Amino acid sequence: MVEEASAGDPQAASERIEALRDIPVPPITPEIPDLAEFLLSGGGLPAKARIDALHIACAAHHRMDILLTWNCTHIANPARLPVMRGLCAARGYNLPAKTRQSVTSFEVFK
1 MVEEASAGDP QAASERIEAL RDIPVPPITP EIPDLAEFLL SGGGLPAKAR
51 IDALHIACAA HHRMDILLTW NCTHIANPAR LPVMRGLCAA RGYNLPAKTR
101 QSVTSFEVFK
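So that you can map any letter, position 24 of the sequence shown is 24 in UniProt numbering, and since no number is skipped, the others follow by simple counting.
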């Protein structure tokens with residue numbers, strides 16, 4: 001998350017990093033890359049979405065309630081959510097969710 005926030009326009013990146021300053025970053029445990037790989041190999045996400053798979057796996061592993069994202073291509077994609085939900089469940093996890101579905105920031109701030 002921090003790495004992605006650091007990319008792009010330096011001024012905008014600085015503002016994003018500042019906004020994230022007080023948000024705790026959960027540790028990457030050995031189970032997280034394994035779950036991410038399972039999401040990729042199981043067809044939940046395309047191979048090029050490895051970072052997205054890690055985000056989802058980290059949030060699922062740490063049992064987060066909400067995975068806040070603007071990424072509707074992979075993470076909050078309604079066509080992919082049922083597959084990712086099933087893959088996570090097969091490993092004993094739930095997708096982080098507000099009412100059991102990933103949400104965008106627009107939905108959280110309604």
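Note that beta-carbon positions come from the ideal geometry of N, C-alpha and C, so glycine has one too. Quick caveat, the model's predicted, so the values are computed rather than measured.
If residue i and residue j are in contact, beta carbons under 8 Å, what's the gap, nearest whole angstrom?
i	j	result
residue 56	residue 67	7 Å
residue 87	residue 42	5 Å
residue 7	residue 20	Contact doesn't hold; Cβ gap of about 13 Å is too wide.
residue 45	residue 74	5 Å
residue 85	residue 38	Contact flag wrong, Cβ pair sits at about 13 Å.
residue 69	residue 76	5 Å
Please state the DSSP three-state secondary structure of residue i.
i	result
residue 68	strand
residue 25	coil
residue 19	helix
residue 45	coil
residue 33	helix
residue 14	helix
residue 7	coil
residue 39	helix
If you follow the alpha helix (DSSP H) that residue i is part of, which residue opens it and which one closes it?
i	result
residue 61	50-61
residue 89	81-90
For residue i, tell me which candidate among the options has the shortest Cα-Cα distance.
i	options	result
residue 52	64, 36, 62, 43	36
residue 29	11, 70, 19, 60	60
residue 65	49, 94, 71, 19	94
residue 27	63, 77, 79	63
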